[in-house]
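A.B. asks: Here the numbering used here is used: the first residue of the sequence shown is 474, the next is one more, and so on. Following this message is one structure expressed as structure tokens.
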Amino acid sequence: MSVITSEDAKFASDIQSGKVVVKYYADWCGSCKLFAPKFRRLSDDERFKDIVFLDVNAEHNPTARKMANVDTLPFFATFKDGVLVETKSTTKEDMFVQMLETL
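Next up, the structure:
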């Protein structure tokens, strides 16, 4: 599955679709840019085919940012049926994969 860009206007409905992982980023964030290819690759990984991958620009979407209490970037949040499950700020792929496996 590919990565879907989400915005405040549709974020609440986007996270209702079962298992969802959100990557919060900013255009100026170097670490966010470095993690982006890993995020895309993992979205196509067969192990995680039942998880929806969302990209949210944290600077332009304050409502989505507040729903996960984003305080640093890159920041990841997992949701299940619209309910926040876990959050983590990391640039380490193995820690991110653990979040996906827990979801």
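Where a beta carbon is used, it is the ideal one built from N, C-alpha and C, also for glycine.
When you compare only the Cα positions, how much space is there between M572 and A541?
C.D. replies: If I take the Cα positions, the gap works out to 15 Å.
A.B. asks: Where does L546 fall in DSSP's three states?
C.D. replies: Coil at L546, not helix or strand.
A.B. asks: Go through the segment 492–574 residue by residue and report every complete run of the beta strand (DSSP E) that reaches 3 residues or more, in order.
C.D. replies: Counting whole runs of 3 or more residues, the segment 492–574 contains the beta strand (DSSP E) stretches 492–498, 524–530, 548–553, 556–561.
A.B. asks: To the nearest angstrom, how far is it from the Cα of L557 to the Cα of F548?
C.D. replies: Straight-line Cα distance between these residues: approximately 13 Å.
A.B. asks: Kindly indicate the opening and closing residues of the alpha helix (DSSP H) around S486.
C.D. replies: Per DSSP, S486 belongs to the alpha helix (DSSP H) from 481–487.
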